[in-house]
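Numbering (the numbering used here), first residue to last: 182 to 301.
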């Protein structure tokens with residue numbers, strides 16, 4: 182892109198993965214299983230739910246440039262008050278999905294809408 186704005190959260194993604202100890206992990210193909218069986222009481226309670234809350238909060242911010250993460254993060258954010266091990270595992274999967282996409286971003290051209298219509 183020669184002119185305009187390009188938003189890229191590559192460093193942010195790498196920071197998330199490093200914080201979770203997943204930097205060397207293999208990327209997942211999909212951010213969440215298609216027929217997931219996550220419920221509010223699935224799995225054992227986490228010892229430290231603040232780690233889960235921090236991770237999901239960071240992933241929520243990441244959905245600004247990654248709309249394909251909206252559904253999985255929506256599901257994961259519904260259990261913030263009492264996260265379980267199964268929820269943590271699903272959050273890790275969504276995080277490793279980011280390894281595959283960490284270079285992507287959102288671009289915007291520097292033209293105003295009226296300039297685009299003049300060229301037509």
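Just so it is clear, CB atoms sit at the ideal spot from N, CA and C, and this is done for glycine as well. Only a predicted model underlies this, so the values are computations on that prediction, with no experimental measurement involved.
Report the residue from 195, 217 and 219 whose alpha carbon sits nearest the alpha carbon of residue 208. For the purposes of this step, residue 208 is taken as the residue at position 27 of the chain shown. Considering only alpha carbons, the answer is 195.
In terms of alpha-carbon separation, which member of 271, 202, 241 and 277 lies closest to residue 219? Translated into positions along the chain shown, residue 219 becomes position 38. Among 271, 202, 241 and 277, the Cα nearest to that of residue 219 belongs to 271.
Backbone secondary structure at residue 218 - three-state DSSP: Position 37 of the chain shown, counted from the first residue, corresponds to residue 218. Residue 218 falls in the coil class under three-state DSSP.
Between 250, 273, 274 and 229, which lies nearest to residue 262 when the distance is taken from Cα to Cα? For the purposes of this step, residue 262 is taken as residue 81 along the chain shown, with counting starting at 1. Comparing Cα positions, the closest option is 229.
Measuring straight from C-alpha to C-alpha, what distance separates residue 254 and residue 265? Locating residue 254 in the chain shown gives position 73, counting from the first residue. Locating residue 265 in the chain shown gives position 84, counting from the first residue. Between residue 254 and residue 265, the alpha-carbon positions lie close to 15 angstroms from each other.
Could you have a look at residue 265 and say whether DSSP puts it in helix, strand or coil? As a working note, residue 265 is residue 84 in the chain shown. Strand at residue 265.
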